[in-house]
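Anchor point for the sequence shown: position 162 equals 165 in my numbering, and the numbering is continuous, going up by one each time. Where a beta carbon is used, it is the ideal one built from N, C-alpha and C, also for glycine. Remarks on the structure that follows.
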Amino acid sequence: MKKLIILNCLLCAIAASATAQIQKEVEVVKPYQPVATDAFKLQNTPQFKPQSSSSQVYDYSIKMQNEMKSFSLGDTIPPARTVSSTGPQGLGIVHLGFGNYLTPYGEAFLNYMPERNTALGLHLHHISSGGKITLQNNDKVSAGSSLNEAELTAAHYFDRATVDAKIFFDRTAFRYYGYRATPQGTFLGQRQAFPRVGLDVGLNGANKTDMFRYRAGMGYRHFSAKTGQKENMVRMNLGLAKQYDSFSGLLDIRVEHAATDSMVGGERRLSLLQATPAFLMESDKYRMRLGIKVATLFDSDDTSDDIRAVLFPDINLSLTIAKSVTLFADLDGSLQPGYYSDVIAENPYIRPNMAIKPSNTLNIDGGLRARVGQNFSFMAKAAIIYTDDCHFFALPDNENTFTVVYEHRTRLRVDGEATYKVTDIASILLKLAANEAQGTEPLWNIPDYEALLAARVTPNRFVITGEFGLTGERQALLFTSAGIRQAFRMGAVPELNVGVEYRFNDRLSFWGHANNMLSSKYDSWLGYTGKQFNVLFGASYSF
Numbered sequence: 004m005k006k007l008i009i010l011n012c013l014l015c016a017i018a019a020s021a022t023a024q025i026q027k028e029v030e031v032v033k034p035y036q037p038v039a040t041d042a043f044k045l046q047n048t049p050q051f052k053p054q055s056s057s058s059q060v061y062d063y064s065i066k067m068q069n070e071m072k073s074f075s076l077g078d079t080i081p082p083a084r085t086v087s088s089t090g091p092q093g094l095g096i097v098h099l100g101f102g103n104y105l106t107p108y109g110e111a112f113l114n115y116m117p118e119r120n121t122a123l124g125l126h127l128h129h130i131s132s133g134g135k136i137t138l139q140n141n142d143k144v145s146a147g148s149s150l151n152e153a154e155l156t157a158a159h160y161f162d163r164a165t166v167d168a169k170i171f172f173d174r175t176a177f178r179y180y181g182y183r184a185t186p187q188g189t190f191l192g193q194r195q196a197f198p199r200v201g202l203d204v205g206l207n208g209a210n211k212t213d214m215f216r217y218r219a220g221m222g223y224r225h226f227s228a229k230t231g232q233k234e235n236m237v238r239m240n241l242g243l244a245k246q247y248d249s250f251s252g253l254l255d256i257r258v259e260h261a262a263t264d265s266m267v268g269g270e271r272r273l274s275l276l277q278a279t280p281a282f283l284m285e286s287d288k289y290r291m292r293l294g295i296k297v298a299t300l301f302d303s304d305d306t307s308d309d310i311r312a313v314l315f316p317d318i319n320l321s322l323t324i325a326k327s328v329t330l331f332a333d334l335d336g337s338l339q340p341g342y343y344s345d346v347i348a349e350n351p352y353i354r355p356n357m358a359i360k361p362s363n364t365l366n367i368d369g370g371l372r373a374r375v376g377q378n379f380s381f382m383a384k385a386a387i388i389y390t391d392d393c394h395f396f397a398l399p400d401n402e403n404t405f406t407v408v409y410e411h412r413t414r415l416r417v418d419g420e421a422t423y424k425v426t427d428i429a430s431i432l433l434k435l436a437a438n439e440a441q442g443t444e445p446l447w448n449i450p451d452y453e454a455l456l457a458a459r460v461t462p463n464r465f466v467i468t469g470e471f472g473l474t475g476e477r478q479a480l481l482f483t484s485a486g487i488r489q490a491f492r493m494g495a496v497p498e499l500n501v502g503v504e505y506r507f508n509d510r511l512s513f514w515g516h517a518n519n520m521l522s523s524k525y526d527s528w529l530g531y532t533g534k535q536f537n538v539l540f541g542a543s544y545s546f
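Spelled out as C-alpha cells, the structure:
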C-alpha cells in the first residue's frame, strides 16, 4: 500500500504545477483513455511496428501481445463522414523485413477510391518466428509462432449517412513449448492454431433538422481452435442520440449470442441483452453523462442453465477548472460474459476446452489531465475496481496448460502519464502504474508496478526511438499434485528497445528494431519463457 501512496503523491505533485492531456505524437493532445487492462504485461514474442506508414506514435507496451482484434462494432455514434475532393495522398505502403529467430515480416496497406463518395481499403500482415528458446531450467525447446491477417473494408458516403462494411480473416498459431521444471504436459510440443473469420456491417447517420443521430451495426464471427473448439457469434447494436434544448438523450442497445462446442459440459451458449439509457449535458466548461446500464446474460450448457441480471450506473463527469486543466470522474460497471475467443486472447495457453464464468465489475475512478504551455502535458488517475467471479490463471503441477480460479477482488490502481516536447525534433514520454490488492491474496500474474520511459528524436532524415520499460514482480499460482495452492514469485523485468529509420526519400525508407537489448530472461506465463535479444531489419515503400 505504501508504494501506491508514494506514487499517488508524486502524481499529485506533478499535477499541482502543470496542465493538459497526453498527446501520443510529438505534440499530441488526446482525451485520456484508460490503458488496456494491465497493459504492461510481458509477452513471448515482441511485435515490431515500422515507422514509415505515418508519423511515429508512442504505441509501446511491455506486454506487446499479439492480441486478437476485439469484437466491437462501436457503442458511440460518430457523425456522418465527408470525403475530401482531393482524395487520398497515395495508394498505400508496403513493409518487408527479416530478423533473428527466423523471423520474416511483411505488411501492406492499400487504399482506393473508385469514386468521390466510395472508399476501399485492404490490409495484409504476416509475421512468424521460429528458432529455439532456453527455458528457466536451461532446456532448449522449439517455440515457433505466426500471425496472419487480412482485412478488406469498404464505405460509401451519402449526404446524411455512411454505410460501411468489413470482412476479415486472421490466424494465430504457436507451439505448446513451456513447462515449469520437468518436461511434462499434456500438450507438450503440439501445435495450436486459432483462425477467425468475420463480417461487420454498419449504418451511421444524422438528421440535421431534428438534431438526431444514429448508429446501427451487426456482425458475425467464427472462431476455432486446432484442438477442436468452435465458437460462432452474432452481435447487433443500436445507438441513438437526440438533441434537446439543454441536453441530449442517448440510448445504446446491445444484443449478442455465442455458441461454443467441445467445451467442458458440452456446447455452451451465451446470450447477452444490454440497454444503456442516458442523458448528456455539456458546455465549454463541463460534460456530464448520467445513465443506467441494464444487462441480462443467459448462460447454458448441456448440464445446466444460469441467468444473471445486473444493474450498473453509467456516470461520466468532467470539469474544466482552467484553460487547460480538466478534472474527471467515472462510476460505471460491466458484465463480462467470458466468451471463449476473449479468454484465448488473454491467455492462449489455457486448457483448450476450459469455459470461463461470467464476471461483474464495478469501476470507480477519477483524476486530472492538464497541459502546461505547448510542450508539457500529463494525466494522473486513481481507480478502485470491484470484481465478482474474477478469474485468475493457475498452473497445475506437471502440466503446461492453465486452469482458472475465481475470487472476489477489490483492486486499487494508480496511473500516470506525461509527455514533454524537448525541442522541435525531440520528445519524451513517461508512464507509471501500480496495482494493489485489497485483502490477503495477491493479484495473480499482475505486476505490482509498471513503468515506461520512451524518447523520440528526428534529426534530418532519421527517426530514432528508444524505450525502457520495467515490469514489477508478479506472483504465479501453482497447484501441487496434492491440490495445495502455492505461490511462485517471478522477478522484476527490465526491457530496452531501440528503433532507427532512415528516410531515403519521400517513398523509400530503411529501418531496424532491436528489442530486449538487455537480454532479460522472463516468463510471460509461468513456464513460457519469452525470447531474448531480437532484431528485425527491413524497408518500407509507399506508392
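Query, Result
"Using the Cβ count rule (16 or more neighbours within 10 Å means buried), how would you classify S145?", "exposed"
"Leaving aside the five residues before and after Q277 along the sequence, list all residues of the same chain whose C-beta is less than 6 Å from its C-beta, in chain order.", "R257, A298"
"Starting from E504, follow the beta strand (DSSP E) in both directions and report where the run begins and ends.", "496-506"
"Report buried or exposed for S527, applying the criterion of at least 16 other Cβ atoms within 10 angstroms of its Cβ.", "buried"
"Given 8 Å as the limit, is there contact between the segment 347-361 and the segment 326-337, that is, 3 or more CB pairs closer than that?", "no"
"For W528, which residues does DSSP report across the bridge?", "Y531"
"Relative to the C-alpha of R510, which candidate in S545, Y531, Y525 has its C-alpha closest?", "S545"
"Taking 7 Å as the threshold (beta carbon to beta carbon), is T532 in contact with chain D?", "The structure shown has no chain D; it contains just one protein chain."
"On the three-state DSSP scale, how would you describe Y423?", "strand"
"Is it true that the CB of N438 sits closer than 7 Å to the CB of R1?", "Beyond the ends of the chain as shown, which are 4 and 546, falls residue 1; an answer cannot be given."
"Which residue wins for smallest C-alpha separation from V166, given the options R374, G205, T364?", "G205"
"What do you reckon, are the CB atoms on F471 and L432 nearer than 7 Å?", "no"
"Count the CB pairs spanning the segment 283-298 and the segment 306-316 that are closer than 8 Å, and state whether there are at least three.", "yes"
"When you compare only the Cα positions, how much space is there between N363 and F301?", "14 Å"
"Considering just the uninterrupted stretch of the beta strand (DSSP E) at Y342, what are its terminal residues?", "Per DSSP, Y342 belongs to no beta strand (DSSP E) and is neither H nor E."
"I want to know whether the segment 146-156 touches the segment 113-121 - three or more CB-CB distances under 8 Å.", "no"
"Can you grab the Cα-Cα spacing for the pair Q187 / Q195, in whole Å?", "17 Å"
"Just verifying my parser: in three-state terms, what is the DSSP assignment at A348?", "helix"
"Who are the near neighbours of T263 in its chain, counting only those whose CB is closer than 6 Å to its CB and skipping five residues on each side?", "E234, R271, Y343"
"Mind checking who M266 pairs with in its DSSP beta bridge?", "G269"
"Roughly how many angstroms separate the alpha carbons of A83 and K211, rounded to a whole number?", "Residue confidence is low: A83 scores 35 on pLDDT, short of 50, so the model does not pin down where it sits. Its coordinate-derived value is still stated next. Between A83 and K211, the C-alpha separation is close to 11 Å."
"Using a Cβ-Cβ cutoff of less than 8 Å, which residues in the same chain neighbour K135 once the five nearest sequence positions on both sides are dropped?", "K143, V144, S145, A146"
"In the DSSP assignment, find the beta strand (DSSP E) that holds P107 and state where it starts and stops.", "106-118"
"Who are the Cβ neighbours of L320 in its own chain at under 6 Å, not counting the five residues just before and after it?", "M291, A332"
"From this set, F161, N448, F540, which residue's C-alpha is nearest E2's C-alpha?", "Because the chain spans 4 through 546 in this model, residue 2 falls outside it and cannot be assessed."
"Go to A157, then tell me how far its beta strand (DSSP E) extends in each direction, as first and last residue.", "148-160"
"Helix or strand or just coil, what does DSSP make of D418?", "strand"
"Who does F331 pair with in a DSSP beta bridge?", "S321, G370"
"In whole angstroms, what separates the C-alpha of G207 from that of Y182?", "Position check: residue 207 holds Asn in this sequence, whereas Gly was assumed. Those two C-alpha atoms are separated by around 49 Å."
"Does the Cβ-Cβ distance between E476 and A495 come in under 7 Å?", "yes"
"Mapping the DSSP letters down to three states, classify K143 as helix, strand or coil.", "strand"
"State the start and end residues of the unbroken beta strand (DSSP E) segment that holds P198.", "194-210"
"So which of A244, E259, H260 has the shortest CA-CA distance to L253?", "A244"
"Tell me the rounded alpha-carbon separation between S57 and G102.", "The predicted model places S57 with a pLDDT of 36, which falls under 50 and marks its position as unreliable; any figure quoted below should be read in that light. So the alpha carbons of these two residues sit roughly 22 Å apart."
"Would N448 be called buried (16 or more neighbouring beta carbons within 10 Å of its own) or exposed?", "buried"
"Are T390 and R412 close, meaning C-beta to C-beta below 7 Å?", "yes"
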